[in-house]
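Peer 1: Add 3 to a position in the sequence shown, counting from 1, and you land on the number used in the working numbering. Just so you know, even glycine gets a beta-carbon here, dropped at the ideal spot from N, CA and C. Note that the structure is a prediction, hence the values are computed from the model and not measured.
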Amino acid sequence: MDRKQFQEWRTQSARVLSSLIPKIASATLTPEDALIDDLIRSLSNLPARPSGRFPYSGIFPPGSLSESRNRASVLLTNLIPRIPEPIGSVHDQAVDDLLRALGNLPT
4 MDRKQFQEWR TQSARVLSSL IPKIASATLT PEDALIDDLI RSLSNLPARP SGRFPYSGIF
64 PPGSLSESRN RASVLLTNLI PRIPEPIGSV HDQAVDDLLR ALGNLPT
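1. For Phe-63, which residues does DSSP report across the bridge?
2. So for Arg-6, helix, strand or coil by DSSP?
3. Please name the residue in Ala-51, Ile-43, Ser-21 and Ser-67 whose C-alpha comes closest to that of Leu-32.
4. Here's a check: name, in chain order, each residue in its chain whose Cβ is nearer than 7 Å to the Cβ of Leu-38, leaving out the five neighbours to either side.
5. Let me make sure I understand the geometry here. Which of Pro-65, His-94, Ser-29 and Asp-5 has the alpha-carbon closest to that of Arg-79?
6. Could you round the C-beta distance between Leu-20 and Ser-76 to whole angstroms and report it? I think they count as a contact, below 8 Å.
7. Counting C-beta neighbours from all protein chains within 10 Å, is the total for Leu-108 16 or more, i.e. buried, or is it exposed?
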């Protein structure tokens with residue numbers, strides 16, 4: 004896959020995630036929320052989430068889980084297409100892992 008195709012994959016992935024994240028049905032935190040938090044922190048060059056801290060804490064202002072997921076969706080839509088690393092970076096793997104988790108796809 005050439006660079007242009009890979010960039011298109013990143014853009015499409017961001018679009019798909021922007022529709023899947025707000026649709027997480029659980030009213031409580033899920034393992035997918037932790038994956039979303041980890042990806043945002045990594046792409047934003049933020050430190051890892053401290054042990055015992057809930058996903059989204061310290062990234063977004065306090066609010067409902069639904070609001071945090073919506074904010075995460077918007078933020079990832081902007082961050083994923085701007086991944087600076089070469090094709091197949093650790094960030095691309097994290098995006099793929101999140102897509103598979105949210106889309107109930109095989110790993």
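Peer 2: With the structure as the only source:
1. In the sequence shown, the residue the question calls residue 63 occupies position 60. In the DSSP output, where bridge partners are listed per residue, Phe-63 has Ser-60.
2. Taking the first residue of the sequence shown as position 1, residue 6 is located at position 3. Residue state, collapsed to three classes: helix.
3. In the sequence shown, residue 32 corresponds to position 29, counting from 1. A check of alpha carbon separations from Leu-32 across Ala-51, Ile-43, Ser-21 and Ser-67 identifies Ser-67 as the nearest.
4. The sequence position of residue 38 within the sequence shown is 35, counting from 1. Excluding sequence neighbours, Leu-38 sits near Asp-100, Leu-101 and Ala-104.
5. As a working note, residue 79 is residue 76 in the sequence shown. Note that residue 79 is Leu in the sequence shown, not Arg. When only C-alpha atoms are compared, the closest one is His-94.
6. As a working mapping, residue 20 is identified with position 17 in the sequence shown. As a working mapping, residue 76 is identified with position 73 in the sequence shown. Confirmed, about 7 Å.
7. In the sequence shown, residue 108 corresponds to position 105, counting from 1. Counting Cβ neighbours within 10 Å, Leu-108 comes out exposed, since fewer than 16 surround it.
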